[in-house]
Amino acid sequence: MTARSICVFCGSRPGKNPAYMADAEVFGTIIARQNWRLVYGAGDVGLMGAVARATQAAGGETFGVMPDSLFDREIGKTDLTHYVLTETMHERKKVMFMNCGAVVVLPGGAGSLDEFFEVLTWRQIGLHEKPIFLLNTKGYWDKLIQLIDHVIDQDFADGSLREFVQVADTVENLEKGLEKALG
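In full-length UniProt numbering, the protein residues as written are 1 to 183.
Below, the structure is given as structure tokens:
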């Protein structure tokens with residue numbers, strides 16, 4: 001099931017623009033419709049909660065991973081198909097990543113950036129070949145994409161770094177990209 005599982009990193013808050021929540025809900029429905037499994041941080045708040053609830057409502061499988069220390073803050077969602085409790089954030093990221101075939105990053109904050117850069121770095125140093133997608137809802141990730149291009153332009157990374165990240169401006173384009181990547 002790992003190959004057809006999508007690891008979603010995203011905000012534990014809804015963000016300012018209602019489009020972020022709307023896209024999270026639509027994407028959760030797509031995950032279920034495509035018979036993919038959602039792998040995520042097991043929170044029931046913000047975009048995390050929205051994508052999980054939408055996946056469940058559409059009959060999809062959910063795999064949540066939560067560190068003990070965040071259970072109360074992120075309102076641990078234990079009614080998932082699979083629920084794993086970890087000791088640390090690092091362990092959480094590792095379990096999530098090891099149980100997926102592709103990574104999708106929806107809008108989010110420092111935690112989502114940490115997760116994104118960790119899997120991107122692992123890809124850069126050859127530890128995996130899993131596809132990494134940014135859902136660039138309403139241009140949310142534009143500055144991040146510019147930063148990656150700047151890092152390459154300033155010769156702190158090879159141009160291949162940019163090729164490791166696929167950007168989708170809409171949920172529909174994200175779905176098409178994932179269909180192609182997952183076969």
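Backbone N, C-alpha and C fix where the C-beta goes; we use that ideal spot for every residue, glycine too.
Checklist entry - In chain order, what residues of the same chain have a beta carbon less than 6 Å from the beta carbon of residue 123, not counting five sequence neighbours either side? => result Translated into positions along the sequence shown, residue 123 becomes position 123. So the list reads 164, once near-sequence residues are dropped.
Next on the checklist: Within the continuous alpha helix (DSSP H) that includes residue 156, where are the two ends?
Outcome noted: One-based indexing of the sequence shown puts residue 156 at position 156. Unbroken run through residue 156: none, as it is neither H nor E.
Checklist entry - Taking DSSP as the reference, what is the three-state secondary structure of residue 71? => result To locate residue 71, count along the sequence shown from 1; it is residue 71. Correct three-state label for residue 71: coil.
Checklist entry - What three-state label does DSSP hand residue 187 in the structure shown? => result With the chain running from 1 to 183 in the structure shown, residue 187 is simply not present.
Item to check | Assumed close pair residue 38, residue 26 - CB separation to whole angstroms, cut-off 8 Å | outcome: Within the sequence shown, numbered from 1, the residue matching residue 38 stands at position 38. Within the sequence shown, numbered from 1, the residue matching residue 26 stands at position 26. That belief does not hold up - the Cβ atoms of residue 38 and residue 26 are roughly 13 Å apart, past 8 Å.
Next on the checklist: Please classify residue 151 as buried or exposed, where buried requires at least 16 other C-beta atoms within 10 Å of its C-beta.
Outcome noted: Taking the sequence shown and counting its residues from 1, the one referred to as residue 151 is at position 151. Exposed is the call here.
Checklist entry - So what's residue 78 in DSSP terms, helix, strand or just coil? => result Your numbering for residue 78 matches position 78 in the sequence shown. Reduced to three states, the DSSP call for residue 78 is coil.
Checklist entry - Is it buried or exposed for residue 184, if we count other Cβ within 10 angstroms and need 16 for buried? => result What the structure shows of the chain is the stretch from 1 to 183, and residue 184 is not part of that stretch, so it cannot be assessed.
Item to check | Cutoff 8 Å; reference residue 149; Cβ partners in own chain excluding five residues on either side | outcome: Residue mapping note: residue 149 aligns to position 149 of the sequence shown, counting from 1. Answer for residue 149: 162, listed in chain order.
Checklist entry - Roughly how many whole angstroms lie between the Cα atoms of residue 113 and residue 45? => result Within the sequence shown, numbered from 1, the residue matching residue 113 stands at position 113. Within the sequence shown, numbered from 1, the residue matching residue 45 stands at position 45. One C-alpha to the other measures close to 18 Å.
Next on the checklist: I'd like to know whether the C-beta atoms of residue 67 and residue 102 end up nearer to each other than 8 Å.
Outcome noted: Locating residue 67 in the sequence shown gives position 67, where the first residue counts as 1. Locating residue 102 in the sequence shown gives position 102, where the first residue counts as 1. Not closer than 8 Å, so no.
Checklist entry - For residue 18, is the classification buried or exposed, using 16 other Cβ atoms within 10 angstroms of its Cβ as the cut-off for buried? => result In the sequence shown, counting from the first residue as 1, residue 18 sits at position 18. Looking at its Cβ environment, which holds fewer than 16 other Cβ atoms inside 10 Å, residue 18 is exposed.
Item to check | First through last residue of the beta strand (DSSP E) which encompasses residue 38 | outcome: As a first step, residue 38 must be located in the sequence shown, where it is residue number 38. It spans 37-40 - the beta strand (DSSP E) in which residue 38 sits, taken as one unbroken run.
Checklist entry - By how many angstroms is the C-alpha of residue 77 removed from the C-alpha of residue 15? => result Taking the first residue of the sequence shown as 1, we reach residue 15 at position 15. Taking the first residue of the sequence shown as 1, we reach residue 77 at position 77. Rounded to the nearest angstrom, the two C-alpha atoms are 20 Å apart.
Checklist entry - At which residues does the beta strand (DSSP E) containing residue 165 begin and terminate? => result Within the sequence shown, numbered from 1, the residue matching residue 165 stands at position 165. First-last of the beta strand (DSSP E) with residue 165: 165-168.
Checklist entry - Roughly how many angstroms separate the alpha carbons of residue 167 and residue 133, rounded to a whole number? => result In the sequence shown, residue 167 corresponds to position 167, counting from 1. In the sequence shown, residue 133 corresponds to position 133, counting from 1. If you take the alpha carbons of residue 167 and residue 133, they lie about 6 Å apart.
Item to check | Exposure of residue 98, with buried meaning 16 or more beta-carbon neighbours within 10 Å | outcome: Start at 1 with the first residue of the sequence shown, and residue 98 comes out as number 98. That one is exposed.
Next on the checklist: Per DSSP, what are the beta-bridge partners of residue 19 in this structure?
Outcome noted: Locating residue 19 in the sequence shown gives position 19, counting from the first residue. Answer by DSSP bridge pairing: none, since residue 19 is not bridged.
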